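Enquirer: Can you read through this structure? Questions will come right after.
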């Protein structure tokens, strides 16, 4: 786990220093993100979906993980209402309290804590708990901003334009084929997938902003909901209903405790909501994950 955290820190730090030293500009950053979203991550999702062990226990775990995130989002909504926060901040509370960085950051954390055996499950978990909900949330956010009207057609269109979702569908489709794809054919795909984590962490580093800790009260409140309340709900459910933690539930605990999603901040900025708060919770949530996630794992041991 410590080695994984060290690797995560190094890749993010390199990205941040590349930004500070102006070694990477918007053009290069755009190329990296295009490679990540259209090639490296889809390769990882397809490979993971095809090889992952998916059963009812795993699907139940994904469903409960999603409910924990939604529960935290609902609690944050009522807290924001109680504090009489403006609409812009309230929307940031709800969105960033539900969406976690379950792939870019969650995958290396899970691999470091539980080993490579759970890496394939992570990519499916990410799509069920973060990717597909994100596809529904984006049109809602844009409609609330007045820039677009919400429609189910827009959601479906967004899903089927997403390389990650299409990779998930293709991975499941090939699982049900009456033949098995030889592992040798996955060699170049696995090599491509292995670049996803370092490139993703590097991209996070490039997007980090540490110039000022603005709106710190709301930042800490939102992060408490996402990184403490949501995993606390899961912790109670697992101990009361399932009798304790195994590695599958530890994976869920890591994922539920992840800080808010980087892409969520980008969408909120584009929609004109409280972008400063959204960027704050991404940046400082990332830093706090190096403390909070190991503590949760210690409780679940």
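In the working numbering, the protein residues as written are 906 to 1206.
Backbone N, C-alpha and C fix where the C-beta goes; we use that ideal spot for every residue, glycine too.
As the structure is a prediction and not an experimental result, all values here were calculated from the model.
Residues in its own chain within less than 6 Å of residue 924 by CB, not counting five upstream and five downstream?
Expert: 1111, listed in sequence order.
Enquirer: Look up residue 1148 in the DSSP assignment and say whether it is helix, strand or coil.
Expert: Three-state result, residue 1148: coil.
Enquirer: What are the boundary residues of the alpha helix (DSSP H) that residue 1009 is part of?
Expert: Element bounds for residue 1009: n/a, residue is neither H nor E.
Enquirer: With respect to 6 Å, is the separation between the Cβ of residue 1126 and the closest non-hydrogen atom of the ligand MG below this value?
Expert: With respect to small molecules bound, the structure shown includes none, and the ligand MG cannot be examined in it.
Enquirer: Identify whether residue 1083 lies in helix, strand or coil by the three-state DSSP scheme.
Expert: Coil, per DSSP.
Enquirer: Just checking: is the beta-carbon of residue 968 within a distance shorter than 7 Å of some beta-carbon in chain C?
Expert: Reference to chain C is not applicable here, since this structure consists of a single protein chain.
Enquirer: With distances taken between CB atoms, is the gap from residue 1002 to residue 1036 smaller than 7 Å?
Expert: Taking 7 Å as the Cβ cut-off, residue 1002 and residue 1036 do not qualify as a contacting pair.
Enquirer: Tell me the rounded alpha-carbon separation between residue 1215 and residue 1150.
Expert: In the structure displayed, the chain extends from 906 to 1206; residue 1215 sits before or after that span and is not available.
Enquirer: For residue 1164, does the three-state DSSP call read helix, strand or coil?
Expert: Residue state, collapsed to three classes: coil.
Enquirer: Considering Cα atoms alone, identify which of 1082, 1134, 1104 is closest to residue 937.
Expert: For residue 937, the nearest C-alpha among the options comes from 1104.
Enquirer: Tell me whether residue 1190 sits in a helix, a strand or coil according to DSSP, three-state version.
Expert: Helix, per DSSP.
Enquirer: Would you grab the beta carbon distance between residue 908 and residue 1017 for me? Rounded to a whole angstrom, and I think it's under 8 Å.
Expert: With 8 Å as the limit, residue 908 and residue 1017 qualify as a contact, their Cβ atoms being about 6 Å apart.
Enquirer: Taking 8 Å as the threshold, find out whether the region 1146–1162 comes into contact with the region 1170–1179 through three or more Cβ pairs.
Expert: Too few Cβ pairs lie closer than 8 Å, so no.
Enquirer: Check residue 1062 in the structure and name its three-state DSSP category.
Expert: In the structure shown, residue 1062 sits in a helix (DSSP, three-state: H, G or I).
Enquirer: Does the region 1084–1103 come close enough to the region 985–1004 to have 3 or more Cβ pairs within less than 8 Å?
Expert: Not touching, per the Cβ criterion.
Enquirer: Taking the alpha-carbon of residue 980 as reference, which of 1033, 947, 1127 has the nearest alpha-carbon?
Expert: Looking at the Cα atoms, 1127 is the closest of the given residues.
Enquirer: Using 7 Å as the threshold, is the C-beta distance between residue 948 and residue 1094 below it?
Expert: Closer than 7 Å, so yes.
Enquirer: Tell me, to the nearest whole angstrom, how far the beta carbon of residue 1173 is from that of residue 1046; I am working on the premise that it is less than 8 Å.
Expert: Confirmed, about 7 Å.
Enquirer: Starting from residue 1048 and walking both ways along the alpha helix (DSSP H), at which residues does that stretch end?
Expert: First-last of the alpha helix (DSSP H) with residue 1048: 1037–1049.
Enquirer: How many Å lie between residue 1158 and residue 930 at the Cα?
Expert: Their backbone Cα atoms lie some 36 Å apart in a straight line.
Enquirer: Specify the secondary structure class of residue 1067 as computed by DSSP and reduced to three states.
Expert: Looking at residue 1067 - three-state DSSP - the assignment turns out to be coil, as it is neither helix nor strand.
Enquirer: Give me the Cα-Cα distance between residue 983 and residue 1132, rounded to the nearest whole angstrom.
Expert: Approximately 17 Å, taken between the alpha carbons.
Enquirer: Going by beta carbon distance, what residues of the same chain come within less than 7 Å of residue 966, once the five residues before and after it are set aside?
Expert: Contacts found: 1153, 1154, 1157.
Enquirer: Would you identify the three-state DSSP class for residue 1054, choosing helix, strand or coil?
Expert: It is coil, neither helix nor strand.
Enquirer: Where residue 1108 and residue 968 are concerned, what is the direct C-alpha to C-alpha distance, given to the nearest angstrom?
Expert: Those two C-alpha atoms are separated by around 29 Å.
Enquirer: Measuring alpha carbon to alpha carbon, tell me which of 1079, 1182, 1185 ends up nearest residue 950.
Expert: Nearest C-alpha to residue 950: 1079.
Enquirer: Ordered along the chain, which non-local residues of its own chain (more than five positions away) have a Cβ less than 6 Å from that of residue 920?
Expert: Only 1107, 1110, 1111 meet the Cβ criterion.
Enquirer: Assign residue 1005 to one of two classes, buried (16 or more other C-beta atoms within 10 Å of its C-beta) or exposed (fewer than that).
Expert: That one is buried.
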